[in-house]
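Chemist: Numbering (my numbering), first residue to last: 2 to 370.
Glycine residues also receive a C-beta, built at the ideal position from the N, C-alpha and C atoms.
Quick caveat, the model's predicted, so the values are computed rather than measured.
If you scroll down you'll find the structure; I have some questions about it.
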Amino acid sequence: MTERIKLRRGPGRRVGSGRARRDGNTSNGGGPQGKAYAALDLGTNNCRLLVATPEAGGFRVLDAFSRIVRLGEGLDREGRLTEAAIERTISALRVCATKMAKRRVLRARNVATEACRRAANCAQFLERVRTETGLEVEIISPREEAGLALAGCSPLMVDGFRYGLVFDIGGGSTEIMWVERLDADVSAPARNDVVRPPRLRLIDSVSIPLGVVSLAERHGGDRISDLDYEAMIALFRDPVGAFEARNEICEHVRHGEAQMLGTSGTVTTLAGIHLKLPVYDRKSVDGCFLDFDDIANVIRHLRSLDFAGRAMEPCIGEARADLVIAGCAILDAMCRAWPVGRLRVADRGVREGILFDLMGLGGSCAGVA
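Following this line, the structure appears as structure tokens:
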């Protein structure tokens, strides 16, 4: 896989060795430059790693790893990370450390998001991570998280639109970004291919401290009643309404000036189900389009199933079957607020944004502040 996005340079650090067995889902040979870079994104639900080497203005993935760790499990109730969640996460981070050591990573950046921002015992957790894995993990702000996610998926923004509404549905928070394309040819027809990453200005962003894990813990993960489903959507009414009031996004939607781009496990899952994939396939999902009618049909189908039925869906599985309806509610809230009519799906985000930053691949996203 080669991604080509250009971004200003940013921080990074050399990494030491890790201690764990090899575990992951992709592994390729070294790149021509022989310099490996790593990006680790520790979220409320997932631990994800990419190791890549620069190649022809973009990068080529050498190794990748993703594991559901549910670091934020019980956080809403307890206000702190549980011992079970910490153990699961450190186990995954050991795998990441080993992969970085094996690839002799030159520079890496390891970031943590909402669960660590909120947990009372986060400092103790990060010290355990450093001691037990050798990894230094930094907590980033919601604003930086949004900027990195935007940078990572920005090449999927199509021509023909001046504005973009970009969102990332996470385990513990939902980031929404309103951006302007500074290089947009608004007279050009929308295109399905990606020629180059756009130059963007981040006009506004909001981090809503609600994600699939926190909503599922509040409202359950088996059969969700219509009342509970609408209650989840209602939690987004005020923050989404305030974001709309500040930016008058609906006015741009009415004039056909805005596109919508989503990056999250929710949107990629719904895309995989809509495409009737027998197994999840990133190449089929990343960059595909979902009409709002398609989204509504998939949501209706998933809501008709219980936990066991959703677990049998090949693009969901048992580990995420209790979370997907919460994700559907969040996506539904945004589709209702901003009737763009079509969503582009991104299976990329924070990790890719970090890698472009570390590799110093130019400045076409320098307008992202």
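Out of 92, 142, 158, point me to the one whose CA is closest to residue 136's CA.
Modeler: Of the listed residues, the one whose Cα sits closest to residue 136 is 92.
Chemist: So, helix, strand or coil for residue 70, using DSSP?
Modeler: Of the three classes helix, strand and coil, the one that applies to residue 70 here is coil, per DSSP.
Chemist: From this set, 262, 300, 267, 283, which residue's C-alpha is nearest residue 290's C-alpha?
Modeler: Looking at the Cα atoms, 262 is the closest of the given residues.
Chemist: Using three-state DSSP, classify residue 156 as helix, strand or coil.
Modeler: Helix.
Chemist: Tell me which residues share the same chain as residue 1 and place their Cβ nearer than 6 Å to its Cβ, disregarding the 5 neighbours each side in the sequence.
Modeler: It is not possible to answer for residue 1, since the shown part of the chain is limited to 2 through 370.
Chemist: By a C-beta neighbour count over all protein chains shown, 10 Å radius and 16 as the cutoff for buried, is residue 396 buried or exposed?
Modeler: Past the edges of the chain, shown from 2 to 370, lies residue 396, and the structure says nothing about it.
Chemist: For the beta strand (DSSP E) containing residue 264, name the first residue and the last one.
Modeler: Element bounds for residue 264: 259 to 264.
Chemist: Relative to the alpha-carbon of residue 202, which residue among 313, 326, 181 has its alpha-carbon at the smallest distance?
Modeler: Per the Cα distances, 181.
Chemist: Is the segment 108 to 128 touching the segment 217 to 237, taking contact as three or more C-beta pairs under 8 Å?
Modeler: Short answer: they don't touch.
Chemist: From residue 144 to residue 162, what does the alpha carbon distance come to, in whole angstroms?
Modeler: Straight-line Cα distance between these residues: approximately 24 Å.
Chemist: Check the DSSP bridge columns for residue 207 and list the partner residues they point to.
Modeler: Beta-bridge pairing links residue 207 to 177.
Chemist: Under a Cβ-count criterion, where at least 16 other Cβ atoms within 10 Å of its own Cβ denotes burial, should residue 284 be classed as buried or exposed?
Modeler: Exposed is the call here.
Chemist: Can you look up residue 167 in the DSSP assignment and give me helix, strand or coil?
Modeler: Strand, per DSSP.
Chemist: Please classify residue 247 as buried or exposed, where buried requires at least 16 neighbouring CB atoms within 10 angstroms.
Modeler: With fewer than 16 other Cβ atoms within 10 Å, it is exposed.
Chemist: Alpha carbon to alpha carbon, how far is residue 359 from residue 37? Give it in angstroms, no decimals.
Modeler: Computed Cα separation, rounded: 10 Å.
Chemist: In angstroms, rounded to a whole number, what distance separates the CA positions of residue 251 and residue 339?
Modeler: Each residue's Cα considered, the two are about 6 Å apart.
Chemist: What's the C-alpha gap between residue 112 and residue 81?
Modeler: Whole-angstrom Cα-Cα distance: 18 Å.
Chemist: What whole-angstrom Cβ distance do residue 167 and residue 151 have, given they're in contact under 8 Å?
Modeler: Their Cβ separation, rounded to whole angstroms, is 6 Å, which keeps residue 167 and residue 151 in contact under 8 Å.
Chemist: For residue 344, which residues in the same chain have their Cβ closer than 6 Å to its Cβ, ignoring the five residues on either side in sequence?
Modeler: 261, 263, 291.
Chemist: Give me, in chain order, the residues of the same chain whose beta-carbon lies closer than 6 Å to that of residue 299; leave out the 5 immediate sequence neighbours on both sides.
Modeler: Hits under 6 Å: 271, 274, 275.
Chemist: In terms of residue numbering, what span does the alpha helix (DSSP H) encompassing residue 338 cover?
Modeler: First-last of the alpha helix (DSSP H) with residue 338: 325 to 338.
Chemist: So, using beta-carbon positions, are residue 120 and residue 41 closer together than 8 Å?
Modeler: Contact: no.
Chemist: Compute the beta-carbon to beta-carbon distance between residue 66 and residue 100, rounded to the nearest angstrom, for a pair I have assumed lies under 8 Å.
Modeler: Indeed, because the Cβ distance is near 6 Å, the residues count as touching under 8 Å.
Chemist: How is residue 82 classed by DSSP in three states: helix, strand or coil?
Modeler: Coil.
Chemist: Skipping 5 residues on each side, what residues in its chain have a beta carbon closer than 7 Å to that of residue 347?
Modeler: Here the set comprises 154, 157, 262, 263, 264, 287.
Chemist: Taking 7 Å as the limit between beta carbons, can you name the residues of its chain near residue 280, skipping five residues before and five after?
Modeler: Once the five neighbours on either side are set aside, the close Cβ partners of residue 280 are 315.
Chemist: Between residue 294 and residue 268, what straight-line distance do the alpha-carbon atoms span, to the nearest angstrom?
Modeler: Rounded to whole angstroms, residue 294 to residue 268 spans 14 Å at the Cα level.
Chemist: Give every residue of the same chain whose Cβ lies closer than 8 Å to the Cβ of residue 223, excluding the five residues on either side of it in the sequence, and list them in chain order.
Modeler: Same-chain partners within the cutoff: 307, 308, 323.
Chemist: Regarding residue 124 and the ligand FAD, is the C-beta to nearest heavy atom distance less than 7 Å?
Modeler: The ligand FAD is absent from the structure shown, which contains no ligand whatsoever.
Chemist: Can you tell which of 329, 320, 139, 321 has the C-alpha that lies nearest to the C-alpha of residue 304?
Modeler: Nearest option by C-alpha distance: 329.
Chemist: Do the CB positions of residue 327 and residue 220 come within less than 8 Å of each other?
Modeler: Yes, the pair counts as a contact, with Cβ atoms nearer than the cut-off.
Chemist: How close, in whole Å, do the beta carbons of residue 83 and residue 70 come, if the pair is a contact with beta carbons under 8 Å?
Modeler: Residue 83 to residue 70, Cβ: 12 Å. No contact.
Chemist: For residue 256, count neighbouring Cβ atoms within 10 angstroms of its own Cβ and tell me buried if that reaches 16, exposed if not.
Modeler: The residue is exposed, with fewer than 16 neighbouring Cβ atoms inside 10 Å.
Chemist: In terms of alpha-carbon separation, which member of 141, 334, 218, 169 lies closest to residue 242?
Modeler: Ranking 141, 334, 218, 169 by Cα distance to residue 242 puts 334 first.
Chemist: Pick helix, strand or coil for residue 226, following the three-state DSSP scheme.
Modeler: The answer is coil: DSSP assigns residue 226 none of H, G, I, E or B.
Chemist: Is residue 243 helix, strand or coil when you go by DSSP?
Modeler: Three-state result, residue 243: helix.
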